Structure formats: structure tokens, C-alpha cells
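> Residue numbers (the working numbering): 64 to 243.
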Amino acid sequence: MNRGRSPGPAGRWKRLFLVGMEFLLVVTIIYSVHLWRTRDLLPDRGLAAVPTFDLVDLQGERWTEASLSDRTTVLYFFSPGCGVCNASAHQLRWFHRWFGDDIRLVLVVLDWSSVAEVQSYVERHDLDLPVLMGDIPVARRFRVPGYPTYYVISDHRILRRDFGYTTVVGLWWRSVLWAT
Numbered sequence: 064m065n066r067g068r069s070p071g072p073a074g075r076w077k078r079l080f081l082v083g084m085e086f087l088l089v090v091t092i093i094y095s096v097h098l099w100r101t102r103d104l105l106p107d108r109g110l111a112a113v114p115t116f117d118l119v120d121l122q123g124e125r126w127t128e129a130s131l132s133d134r135t136t137v138l139y140f141f142s143p144g145c146g147v148c149n150a151s152a153h154q155l156r157w158f159h160r161w162f163g164d165d166i167r168l169v170l171v172v173l174d175w176s177s178v179a180e181v182q183s184y185v186e187r188h189d190l191d192l193p194v195l196m197g198d199i200p201v202a203r204r205f206r207v208p209g210y211p212t213y214y215v216i217s218d219h220r221i222l223r224r225d226f227g228y229t230t231v232v233g234l235w236w237r238s239v240l241w242a243t
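1. Find the nearest neighbour of Tyr210 within the set Phe80, Phe158, Ala152 and Trp236, judged by alpha-carbon distance.
2. With distances taken between CB atoms, is the gap from Leu192 to Val178 smaller than 8 Å?
3. Give the DSSP-derived three-state secondary structure of Trp161 in the structure shown.
4. Alpha carbon to alpha carbon, what distance is there between Tyr139 and Glu128?
5. So which of Leu222, Thr212 and Val194 has the shortest CA-CA distance to Arg125?
6. For a cutoff of 8 Å on Cβ pairs, would you count Arg203 as touching chain B?
7. Nearest-angstrom Cα distance between Thr230 and Gly71?
8. What's the gap between the Cα of Val90 and the Cα of Leu81?
9. Within a Cβ cutoff of 7 Å, which residues of the same chain sit near Glu180, ignoring the five residues on either side of it in sequence?
10. Trp51 by DSSP, collapsed to three states: which one?
11. Does the separation of the CB atoms of Arg224 and Leu105 fall below 8 Å?
12. For Thr246, list the residues DSSP reports as bridge partners.
13. Could you check what DSSP says for Ser95 in three-state terms: helix, strand or coil?
14. Can you list, in chain order, the residues of its chain with a C-beta nearer than 6 Å to that of Thr212? Leave out the 5 residues immediately preceding and following it.
15. Determine the DSSP secondary structure at Val185, reduced to helix, strand or coil.
16. Assuming Val231 is part of the alpha helix (DSSP H), what are its boundary residues?
17. Along the chain, where does the beta strand (DSSP E) that runs through Ile221 open and close?
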């Protein structure tokens with residue numbers, strides 16, 4: 064019995080090893096789920112070109128894929144009725160305020176019923192960002208499986224892509240660290 068005494072060095076190393084293995088297992092599971100969830104998105108790491116598009120924003124300005132060629136851009140696909148999109152909208156606002164000088168954030172709305180609905184979403188979440196009025200062909204070209212879906216692009220190439228809720232740090236991580 065080892066009552067009241069601390070485990071010896073061998074016991075501590077064994078416990079540390081087991082904790083490390085559990086951590087590795089959790090990371091492996093999370094990464095595997097991530098790979099499975101993003102399996103149908105366009106390839107990243109510069110392997111795919113940005114699909115063509117020609118969309119109008121809420122102010123009536125026309126945007127194409129060439130409009131995004133001057134700097135790194137996060138193209139963020141969302142729907143006004145998406146609960147995850149609503150929950151992460153404040154993260155987008157903060158990302159734009161903190162990193163907007165270096166990384167452009169452009170929203171593309173899909174599954175919308177009226178311009179008024181989109182405008183209401185933008186106002187409700189205080190989003191001072193370009194919002195492009197997307198359509199089904201664009202969703203298909205970008206292989207948007209659900210919302211939110213986002214691509215980090217630069218020089219007409221997709222550097223990073225992901226799906227689901229994200230934070231300011233998550234967007235920064237994908238657009239700065241992983242994109243380089």
C-alpha cells in the first residue's frame with residue numbers, strides 16, 4: 064500500500080504518459096472529425112483556384128473573384144436564418160475591427176428570401192462589411208455544404224477552408240498562420 068505517500072518517479076512518468084496519450088487521442092479525434100466535415104469543400108493550400116463569380120453587394124457594387132486579388136481575403140458564406148451564423152456574427156465584427164487593415168472579410172449571403180432580410184441581419188449584428196448577394200450557382204461552385212463555410216484566399220488561390228462556428232482567434236489562425 065502506498066497510503067499518504069506520493070508515487071515514485073516511475074508512477075509519475077506512467078501517469079504523465081497516460082495523460083499525454085489521452086490528450087493525443089482527443090486531438091486525433093477532433094482532427095479526424097474536422098477532416099470528415101470539410102471533405103467536400105474545395106481543396107486548400109493553394110491547390111485550387113478561386114471559382115468565378117459575379118455578384119452584387121448590398122450597396123449595388125459588382126464583385127468578381129478578380130475584385131479580391133489585391134490582398135488576403137476571408138470569403139465567408141452564411142445564411143440569415145442560420146443559428147451558428149447568428150452566434151458567430153460578433154466574432155466577424157471583432158475580426159474585421161482588429162485585422163481588417165491586413166485581411167479583408169467579405170460575407171456572401173445564401174438562402175435569403177429578401178434584401179430586407181439580409182439588411183436586417185447586417186444591422187442587427189452591426190456588420191460594417193461587404194455583403195454579397197449569393198445564389199445557388201455560387202454555392203455549388205464553392206461547394207458550400209452548410210453554414211457558415213469560409214475560404215481564405217490570396218492571389219486567386221484557396222489557402223485555407225473550413226466549416227462551422229469560428230472565433231476571432233480561429234479566423235486569425237486560418238488566415239495568417241495557416242495561410243502562409
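The beta carbon of each residue, even a glycine, is placed where N, CA and C say it ideally should be.
All values reported here derive from a predicted model rather than from experimental measurement.
With the given structure in hand:
1. Restricting attention to Phe80, Phe158, Ala152 and Trp236, the CA atom closest to the CA of Tyr210 is found in Ala152.
2. 8 Å or more divides the Cβ of Leu192 from the Cβ of Val178.
3. Secondary structure at Trp161: helix, using DSSP grouped into helix, strand and coil.
4. Distance between the alpha carbons of Glu128 and Tyr139: 14 Å.
5. Comparing Cα positions, the closest option is Val194.
6. Given the protein chain composition of this structure (a single chain), no chain B is represented.
7. Going by C-alpha positions, Thr230 is about 42 Å away from Gly71.
8. The alpha-carbon atoms of Val90 and Leu81 are separated by roughly 14 Å.
9. Counting only residues of its own chain and dropping the five nearest sequence neighbours on each side, Glu180 has a CB closer than 7 Å to the CB of Pro143.
10. Outside the displayed span of the chain (64 to 243) sits residue 51, for which this structure offers no information.
11. Yes; because the gap between Cβ atoms is below 8 Å, this pair is in contact.
12. For the chain, the structure presents residues 64 to 243; residue 246 sits outside this window and is missing.
13. Helix.
14. Residues Phe140 and Phe226 of the same chain have their beta carbon placed closer than 6 Å to that of Thr212, with the five preceding and five following residues left out of the count.
15. Reduced to three states, the DSSP call for Val185 is helix.
16. Unbroken alpha helix (DSSP H) run through Val231: Val231 to Trp235.
17. First-last of the beta strand (DSSP E) with Ile221: Arg220 to Phe226.
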